[in-house]
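Going by this note's numbering, the first residue of the sequence shown is number 998, and it counts up by one from there.
As structure tokens, the structure follows; a few thoughts come after it.
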Amino acid sequence: MKTLKILVLNGPNLNLLGTREPEVYGTETLDSIAKDMNACAGRLGGVELEFRQSNAESDLITWIGAARGKFAGIIINPAAFTHTSLGVADALKAVEKEVPAVEVHLSNTNAREEIRHKSLTAPACIGQIMGFKGYSYILALDALVKHLRG
Ligand code: DQA
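Now the structure itself:
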């Protein structure tokens, strides 16, 4: 079985998880989510994860654009850029054939303020998972691996 390398990207303010509005986002930190995802990758077998977080839109765009040939897929929580960034959406669209992406959110953005209902990035992804706090990432990993292995 070929090893699948998956890039896990987190956008602005997600470095603050654990203390940031825990009633909305839960109490898990990015590190604890990474640990749970690594355990899930171990159970799935043949899956290697690389984690990156940035508060800068340009970092995310650069990382997505450079993912071709290095990663089989992307799991991304674009955070606030979900609702604002044509740049991140365009980057995902540019690589979608070779590097499909799954969009993740901790909160159910559809049940929040109207400005969070629209995702500019979701149309450039194969699917979107939201509302299950840190477990959304596990669901996304399972779904992406299933998609990649067919
Ligand atoms: C979020 C939802 C976004 O609306 C918000 O800006 C975030 C986090 C989530 O995971 O629930 O920063 O992406």
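Cβ atoms here follow ideal geometry from the backbone N, Cα and C, with glycine treated the same way.
With fewer than 16 other beta carbons inside 10 angstroms of its own, P1120 counts as exposed. Secondary-structure assignment with DSSP links E1047 through a beta bridge to L1004. Set against 7 angstroms, the gap from the CB of Y1134 to the closest heavy atom of the ligand DQA is not smaller. Within 10 angstroms of the beta-carbon of A1137 lie 16 or more other beta-carbons, which makes it buried.
If the five residues before and after E1047 are omitted, its C-beta is found closer than 8 angstroms to the C-beta atoms of K1002, I1003, L1004, V1005, F1068, all from its own chain and listed in chain order.
With respect to N1105, G1128 sits close: the two C-beta atoms are nearer than 8 angstroms. A distance criterion of 7 angstroms places the beta-carbon of S1029 beyond contact range of the ligand DQA, judged by its closest non-hydrogen atom.
Distance from the C-beta of A1077 to the nearest heavy atom of the ligand DQA is below 7 angstroms. Rounded to the nearest angstrom, the gap between the Cα atoms of S1116 and S1082 is 9 angstroms.
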